[in-house]
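To keep things clear, I will list the structure first and then write my remarks on it.
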Amino acid sequence: MTEIPRDRNHQPEIPEPPAPAPVGSAYEPEAVELAWYRYWEEGGFFHVDPDAVHEGGKEPFVIPMPPPNVTGRLHMGHGLQDTVQDLLIRFKRMQGFAALWIPGIDHAGIATQNVVEKTLKKDGIDRKEIGREAFLEHVWDWKQEYGDIILQQKRRLGDSCDWRYERFTMDEGLSEAVQKVFVTLYEQGLVYKGEYLVNWDPDNQTVISNEEVDNVERNGSLWTVRYPVVDEDGTETGEYIDIATTRPETIPADTAVAVHPEDDRFRHLVCKTVRVPAVGRIVPIIADDYIKMDFGAGALKVTPGHDENDFQIGKRHGLETVSLMNLDGTLNEEGGPYAGMERFAARKAIVADMEASGELVKIEDYVQTVPISSRSKAVIEPLLSPQWYVAMEPLATRALEVVNDGTITFHPARWANEYRRWLEDIRDWPISRQLWWGHRIPVWYRTDADGERIEEDFVVSVDSPGEGYVQDEDVLDTWFSSWLWPFATLGWPDDTDALKAFYPGSVLVSGYDILFFWIARMIMAGTHFTDEVPYTDVFVTGMIKDKQGRWMSKSLGNGIDPLDMIETYGADAVRYTLAKLCAQGQDIKLDPAAFEGGRNFANKIWNASRVFGRFVERDDAGRPTEDLRRQRDFSELNLAERWLLTRLHDTVEAVTESLNAYRISEAAQLAYDFVWRDFCDWYLEVSKAPRGESPARDSLALSVEVFEKILGLLHPFMPFVTEELWWTLRPRAEGEACIASAWPSPSKEETDPEAAALFTTIQDLVTGIRQVRAQYNVPPSQRIRALVRAGDAATASALERASDYVERLAGLSELAIGADLEKPAASAAIVVGAHEVFVPLAGMIDLGVERQRLQKEIGAKRGFLGGVEKKLRNEAFVSRAPEAVVAKERQKAEDAKAEIAALEANLADLG
RNA sequence: GGGCCUUUAGCUCAGGGGUUUAGAGCGCUCGCCUCACACGCGAGAGGUCGAUGGUUCAAAUCCAUCAAGGCCCACCA
1 MTEIPRDRNH QPEIPEPPAP APVGSAYEPE AVELAWYRYW EEGGFFHVDP
51 DAVHEGGKEP FVIPMPPPNV TGRLHMGHGL QDTVQDLLIR FKRMQGFAAL
101 WIPGIDHAGI ATQNVVEKTL KKDGIDRKEI GREAFLEHVW DWKQEYGDII
151 LQQKRRLGDS CDWRYERFTM DEGLSEAVQK VFVTLYEQGL VYKGEYLVNW
201 DPDNQTVISN EEVDNVERNG SLWTVRYPVV DEDGTETGEY IDIATTRPET
251 IPADTAVAVH PEDDRFRHLV CKTVRVPAVG RIVPIIADDY IKMDFGAGAL
301 KVTPGHDEND FQIGKRHGLE TVSLMNLDGT LNEEGGPYAG MERFAARKAI
351 VADMEASGEL VKIEDYVQTV PISSRSKAVI EPLLSPQWYV AMEPLATRAL
401 EVVNDGTITF HPARWANEYR RWLEDIRDWP ISRQLWWGHR IPVWYRTDAD
451 GERIEEDFVV SVDSPGEGYV QDEDVLDTWF SSWLWPFATL GWPDDTDALK
501 AFYPGSVLVS GYDILFFWIA RMIMAGTHFT DEVPYTDVFV TGMIKDKQGR
551 WMSKSLGNGI DPLDMIETYG ADAVRYTLAK LCAQGQDIKL DPAAFEGGRN
601 FANKIWNASR VFGRFVERDD AGRPTEDLRR QRDFSELNLA ERWLLTRLHD
651 TVEAVTESLN AYRISEAAQL AYDFVWRDFC DWYLEVSKAP RGESPARDSL
701 ALSVEVFEKI LGLLHPFMPF VTEELWWTLR PRAEGEACIA SAWPSPSKEE
751 TDPEAAALFT TIQDLVTGIR QVRAQYNVPP SQRIRALVRA GDAATASALE
801 RASDYVERLA GLSELAIGAD LEKPAASAAI VVGAHEVFVP LAGMIDLGVE
851 RQRLQKEIGA KRGFLGGVEK KLRNEAFVSR APEAVVAKER QKAEDAKAEI
901 AALEANLADL G
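Taken in order, the first sequence gives residues 1 to 911; the numbers are from my numbering.
Now the structure itself:
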C-alpha cells in the first residue's frame, strides 16, 4: 500500500528560483522550462495533501490522469489531453482549490506483452521456451527501464501532477483492488465462467472483447456451394440446395443447412438431410426465420462453432457444435483431409477440391465486413471457448442513471448519447485473457491425482486455498484494472485519508476513442463499488489528425512528435497552440506550422515585459531589487489606464467563465486578444514615454501591476514563460511563485465603462488618421498635423485631456481639438461617429484619391443604412420586435445618416 | 441498416436568433528595421456562412429535405 503523504510529515524545501535571463536577451524556451519545472517539482508546488481538505477546508478538485501505456511514448493526443488537464488543474489551484492530478501508468496487457516478446525474439529468445516466470521477469525489467519515460516526457510538457501519488496498474495496491473486485463480483453472481463463442485472436492466441475488434470492409469472394439432398442411407435424391458462403473453410464444421420456413423453394426439403461437401457429413435441413430468402442462394449453412448467428440457430434447434480450429488458427482433426492446415490455406484447398468435384457452383466478388483484432490485425476467429465474464447489465443500470439524472455531465453533451446507446445495449464482458502479463485471475482449481486441474472444482479467492490447488493460468483484461483507476489510485479498498479527501473526483479528460473501453466502465465500477460517481464531469476531446485529416499512424509516418515540437517551439507554444485548437469535441487537423503561432505569442509576452521590465532595478544576478508598484487610487488613473483596467476586468471574467464551461479555445482567444491587442498594441504604445524621456514611475507601476495579472491569467496556458517573467517584475518572497499565486480577480469597482468608451473613440480617431497616412503614403517618421472637430463640447474637452495619446499613436506634430473648428483647406476628412478629423495635406492631397476614399466610405455607410431602414420600414418589425431592439435600430439609422451627411459635406467641399 | 458529426475568407477554424455591414490565425497586397518584439508594427484586399424550402418582426444561427465529406454502432451468410 503506497503511503499517502501528509503535510506535517513532508515539508519540501523550496529551492532557489532559477536566475532570470539577462534583460534584453531573446526568449529561449528550453533553458527556462527545464529550470522551472525542477523548481516546481522540488519545491513541492504540485503537492496536495488530504489534510488540505480535511483540516485546511479547501475544496478538492481532482483529475485522474488517463494512465499512459507502459509501452508508450508521448504523442499529440497526450499533448492535447494533458494540456487541457494541466490547464484546469493550474486554474483551479490558483483559484484556491486543493487541485490534485493523479498520474500513473497502465501495464497495457497485450500491447506490452507483444513488445517485450518482439524484443526478446530479436535476441533469439522465445517466450514459450523460457516459460512464464522467466518471461514475466523480462517484462518487469522492461517496465523498470521504460516505464516512466513517458512520465518524464509529460514533465517536459509541464504537467503539474502530484507525482507522490503516481501509481502503476499492477502495483500492490491496484492488484489488491483488482482481486477484491473480481472476488466480490463473483460473490455477487456477476462474474461467471461460460463457454461461448469468443473473439479469438489467433496471432496473440487470446480472447479479446468486442470493443477490441475492428470491423473493416474487404474485397473477398462469395462462393456458392452445392449441398446434395440425401436420404437416410446417404444416397442422393437428385435434389440439392445451393448455399453461398464467405468462409468455405468452415464447411467441415457445418451441422445443418437452414432455410426460411416460408420459402416455397425449399419448404418440402425441411427435415430431410443433405451431405456436406468436401467432408461428406450428413446434416439436417432446418427451417429458421433468421434466414433471408433473397440473399445469396436463399439458404444458409449452419456452423455453430464458428459463427455467432449460427451458434444462436444451433441453440434454438439443438444442433451439435463442431469446433474445427486450433488456437493458432490451423484446422484440427474435425477438418478431415484439411486437418493441420492453416485456415486460409485450408480455404484455398477446400475451394480447389470442390471446384474439381463440381460441388462449387460459382464464385462472385464480394465486399464483406471482416472482424480484425485491433492489436494484431489478425482476422478474428469466432471460437467456442470457456472464459470468465462480467454480467454487465446490473452495472450498466446505475451507470445510466447517473448520466440521465445529471450527476455526471458530458462535455460536449452529445457524448452522453453515445454512452447511453452503448450501455442500453450492453453485452457481457469477457475478462479473461490468455496472456501472461497482467493480473492473474484469483481462481483456484483442485487438481486430480495426475496434477491436472478439475475444471468444475474451483475456489474463487484472493489467496490460495492451499495444497492441491492450482491458479487459473489466465490474466484479466487490462481494462479490468483501469476501470478502478479513479478510486484505486487513492488507496481503495482501504478507506484512506486520500480517498476520503479526493474521491469522488471532479473531471475526466479523455478522447472519445476510449469512451466504452474506459470512461463508461469507470463509471460502472465507481457506482457499483464505491456508491459514488468517479467524477462529475467528462470532457471529451477530439482526436488529433494530420493536416489532411488522416489518423496519425506509424505506418503512414504522418505523426507529429510533441517532443520535437517542444524542442522547436517550446512547451508553452505547444500548449497554447493546442489549447487554442481545442474547440469542444472537434477533431483537430494539425499542421505543425500552427505551433509558430504559439511561439510568437510566448515571444510577444517575453518582449512586452521588457518595455517596463528594463526600468526595474536589479542585482548582479538579475533579480529585481525594487518594487515599482505603489498605492494608487483608481479615480486618479488616466484614461488609458482606466480603460485598460476595465478591459482587464472583463477579460478575466470572460476567461474564467469560459474555462469553467470547458470552452478552452475561447478562453485562449480571449486572453490572447487582451494581451496582444489591448495591452501590447494600445496600452504599451500609449504609456511609452516620449523619445528621450524616462517613463513616469506611476505609469511603470501600473504596467507592472497589470502585467502581473496577465501572467496569472496566462499561467495555466503557458506556465513556463509566465513563471519566468513573474520573477522579473519585483522582489519575491521565497515560494511566492506564479504557480502558487491567486487567480486574478480585478475589482468591479475598478472599471469605468465611460472611460472605456472614450478610449474606443480615441482608437477610432487614431485608426482613421493612420488610414489617411497609409492612403497618402506618409512615412511613419513624418509627423503631420490634425484637427478633431468633436460632436459636442464635453467630448471635446475630454479628448483634449487625452490628446497626447492621439498625437503619439497617429504620429502627429500638432493636434487641435474643439467642438467648432473650421475644416482647413486641402485636408482629408474622417468621420468617427459624431466627430470629424481633418488632416491637412497641403501639397500632398490628391482630390481623386480623397474623393474615392470618401465615396467608398459613403457607399459602405449607405449600404449599412439601407439594411437598417429596410428593417424599420417593415411594420411587422416595428410593431412586434421588442422596443429596445427597435430603438436601437432607430439610433443606428440616425447615426448613420449623420455620418453620411458629414461625409457628403466633406465630399462636396472637395469641389 | 441505425445513429452522430462536419460543410463559414485561398488554407485551418471560432461564432450559434437582433453586438454597428460575419471574426481569428496563417497566407496574400501596400508601407515600415518607429530605441519590447521583423516570431514584429501600421494599413488593406478577400466570405450572398453547402443547396433548397420553412418557422419568425428578424436566420450564418432554429426546423425539414437534399448534396458532399467523415465517424460510431449493427448478426445479413
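Beta carbons: idealized from backbone N, C-alpha and C, even for Gly.
Bear in mind that the values here come from a model prediction, so they are computed numbers and not experimental data.
- [ ] For the beta strand (DSSP E) containing T245, list its first residue and its last residue.
- [x] The sequence position of residue 245 within the first sequence is 245, counting from 1. It spans 236–245 - the beta strand (DSSP E) in which T245 sits, taken as one unbroken run.
Task: CB-CB length for E750 against F634, believed under 8 Å - done: Your numbering for residue 750 matches position 750 in the first sequence. Your numbering for residue 634 matches position 634 in the first sequence. Confirmed, Cβ separation roughly 5 Å.
- [ ] Report, in whole angstroms, the separation of the C-beta atoms of W485 and P67, which I expect to be a contact under 8 Å.
- [x] Locating residue 485 in the first sequence gives position 485, counting from the first residue. Locating residue 67 in the first sequence gives position 67, counting from the first residue. Contact holds; Cβ gap of about 7 Å.
Open item on the list: Within 10 Å of its beta-carbon, does F295 have 16 or more other beta-carbons around it, so buried, or fewer, so exposed?
Closed with: Within the first sequence, the letter at position 295 stands for residue 295. It is exposed - the Cβ of F295 has fewer than 16 other Cβ atoms within 10 Å.
Task: Own chain, CB closer than 6 Å to A525, minus 5 neighbours either side, in chain order - done: Locating residue 525 in the first sequence gives position 525, counting from the first residue. Only W483, L484 meet the Cβ criterion.
Task: Spatial neighbours of R6 in its chain, beta-carbon cut-off 8 Å, leaving aside the 5 residues before and after - done: Locating residue 6 in the first sequence gives position 6, counting from the first residue. Any answer about R6 is weak, because its pLDDT of 49 lies below 50 and its placement is not dependable; what the coordinates show is given next. Only D49, P50, D51, D497 meet the Cβ criterion.
TODO: Take E334 and list the residues in its own chain whose beta-carbon comes closer than 8 Å to its own, dropping the five residues that flank it on each side.
DONE: In the first sequence, counting from the first residue as 1, residue 334 sits at position 334. Counting only Cβ-Cβ distances below 8 Å, and skipping sequence neighbours, we find P252, A253, V322, S323, L324.
Open item on the list: Looking at the strands, I want to know which residues DSSP matches up with H268.
Closed with: Counting from one through the first sequence, the residue named residue 268 turns up at place 268. In the DSSP output, where bridge partners are listed per residue, H268 has none listed.
- [ ] To the nearest angstrom, report how far apart V839 and Q763 are at their CA atoms.
- [x] For the purposes of this step, residue 839 is identified with residue 839 of the first sequence, where counting begins at 1. For the purposes of this step, residue 763 is identified with residue 763 of the first sequence, where counting begins at 1. Inter-residue distance for V839 and Q763 is about 16 Å (C-alpha atoms, whole angstroms).
Task: Secondary structure of E342, DSSP reduced to three states - done: Here residue 342 refers to the residue found at position 342 of the first sequence. DSSP places E342 in strand when its eight states are reduced to three.
TODO: Could you tell me which residues DSSP puts in a beta bridge with P840?
DONE: The residue you call residue 840 lines up with position 840 of the first sequence. Beta-bridge partners assigned by DSSP to P840: S827.
Task: Closest by C-alpha distance to K580, when choosing among D307, E617, E666, G863 - done: Translated into positions along the first sequence, residue 580 becomes position 580. Checking every option, the nearest Cα to that of K580 belongs to E666.
Open item on the list: To the nearest angstrom, how far is the alpha carbon of Q471 from that of A520?
Closed with: Numbered from 1 along the first sequence, position 471 holds the residue referred to as residue 471. Numbered from 1 along the first sequence, position 520 holds the residue referred to as residue 520. Distance between the alpha carbons of Q471 and A520: 30 Å.
- [ ] Using beta-carbon positions only, say whether D203 and S376 come within less than 7 Å of one another.
- [x] Residue numbering aside, residue 203 sits at position 203 when the first sequence is read from its first letter. Residue numbering aside, residue 376 sits at position 376 when the first sequence is read from its first letter. Yes, they are a contact pair.
Task: Residues bridged to N69 [DSSP beta-bridge criterion] - done: In the first sequence, the residue the question calls residue 69 occupies position 69. According to DSSP, which records beta bridges pairwise, N69 is partnered with D106.
Task: Cutoff 6 Å; reference T409; Cβ partners in own chain excluding five residues on either side - done: One-based indexing of the first sequence puts residue 409 at position 409. Non-local beta-carbon contacts of T409 in its own chain, meaning distances under 6 Å to residues more than five positions away in sequence, involve D537 in chain order.
Task: Exposure label - N874; buried when at least 16 CB within 10 Å - done: The residue labelled residue 874 in the question sits at position 874 within the first sequence. So N874 ends up on the exposed side.
TODO: Pull up the CB-CB distance for V686 and A640, whole angstroms please, since I reckon it's below 8 Å.
DONE: Indexing the first sequence from 1 puts residue 686 at position 686. Indexing the first sequence from 1 puts residue 640 at position 640. Correct: roughly 5 Å between the Cβ atoms.
Task: Cβ-based neighbour list, D591, same chain, cut-off 8 Å, excluding 5 preceding and 5 following - done: What you label residue 591 is simply residue 591 of the first sequence in a count that begins at 1. Excluding sequence neighbours, D591 sits near K547.
Task: For G329: DSSP bridge partner residues - done: Position 329 of the first sequence holds residue 329. DSSP lists no bridge partner for G329.
Task: Beta carbon of V230 nearer than 7 Å to that of T273 - done: Sequence index remark: in the first sequence, residue 230 carries index 230 (1-based). Sequence index remark: in the first sequence, residue 273 carries index 273 (1-based). Yes, Cβ-Cβ distance for V230 and T273 is below 7 Å.
TODO: Please classify E249: is it buried, with 16 or more other beta-carbons within 10 angstroms of its beta-carbon, or exposed?
DONE: Walking along the first sequence from the start, residue 249 turns up at place 249. So E249 counts as buried.
TODO: Could you check how far apart the C-beta atoms of P64 and G505 are, in whole angstroms? I think they sit under 8 Å.
DONE: As a first step, residue 64 must be located in the first sequence, where it is residue number 64. As a first step, residue 505 must be located in the first sequence, where it is residue number 505. Yes, P64 and G505 are in contact; Cβ-Cβ is about 6 Å, under 8 Å.
TODO: Could you tell me if V462 is buried or exposed, where buried requires 16 or more neighbouring beta carbons within 10 angstroms of its beta carbon?
DONE: Looking up residue 462 in the first sequence gives position 462. If you draw a 10 Å sphere on the C-beta of V462, you find fewer than 16 other C-beta atoms in it, and that means exposed.
Task: Cβ pair count under 8 Å reaching 3, the stretch 791–799 against the stretch 719–737 - done: Too few Cβ pairs lie closer than 8 Å, so no.
TODO: Specify the secondary structure class of T273 as computed by DSSP and reduced to three states.
DONE: One-based indexing of the first sequence puts residue 273 at position 273. In this structure, T273 counts as strand in the three-state DSSP scheme.
Open item on the list: Looking at the strands, I want to know which residues DSSP matches up with D365.
Closed with: The residue given as residue 365 occupies position 365 in the first sequence. Residue pairing by DSSP places D365 opposite S221 in a beta bridge.
- [ ] Determine the contact status of A829 and E822, defining contact as a CB-CB distance below 7 Å.
- [x] Position 829 of the first sequence holds residue 829. Position 822 of the first sequence holds residue 822. Inclusion of A829 and E822 in the CB contact set at 7 Å is not warranted, their separation being larger than that value.
Task: Helix, strand or coil at H260 according to DSSP, with G and I counted as helix - done: If you number the first sequence from 1, residue 260 lands on position 260. Coil, per DSSP.
Open item on the list: Measuring only the C-alpha atoms, how far is R691 from P780?
Closed with: The sequence position of residue 691 within the first sequence is 691, counting from 1. The sequence position of residue 780 within the first sequence is 780, counting from 1. A straight line joining the alpha-carbon of R691 with that of P780 spans about 15 Å.
Task: Where the beta strand (DSSP E) containing A299 begins and where it ends - done: Your numbering for residue 299 matches position 299 in the first sequence. Taken as a continuous stretch (DSSP letters only), the beta strand (DSSP E) holding A299 covers 299–302.
Task: Close Cβ partners of A756 (< 8 Å) along its chain, the five nearest in sequence each way excluded - done: Taking the first sequence and counting its residues from 1, one reaches residue 756 at position 756. Around A756: R642, W643, T646, R647.
Open item on the list: Using the Cβ count rule (16 or more neighbours within 10 Å means buried), how would you classify S432?
Closed with: One-based indexing of the first sequence puts residue 432 at position 432. Burial is judged here by how many other beta carbons sit within 10 angstroms of a residue's own beta carbon; S432 has at least 16 and is buried.
- [ ] Using only alpha-carbon positions, find the residue among I313, E41, H75 that is nearest to E13.
- [x] Along the first sequence, one-based indexing puts residue 13 at 13. When only C-alpha atoms are compared, the closest one is E41.
Task: CA nearest to the CA of A26, picked from K604, S209, P493 - done: Mapped onto the first sequence, residue 26 falls at position 26. K604 is the residue among K604, S209, P493 whose C-alpha sits nearest the C-alpha of A26.
Open item on the list: So the candidates are F601, E626, I454; which of them puts its Cα closest to the Cα of C680?
Closed with: Taking the first residue of the first sequence as position 1, residue 680 is located at position 680. Selected option, being the one with the closest Cα: F601.
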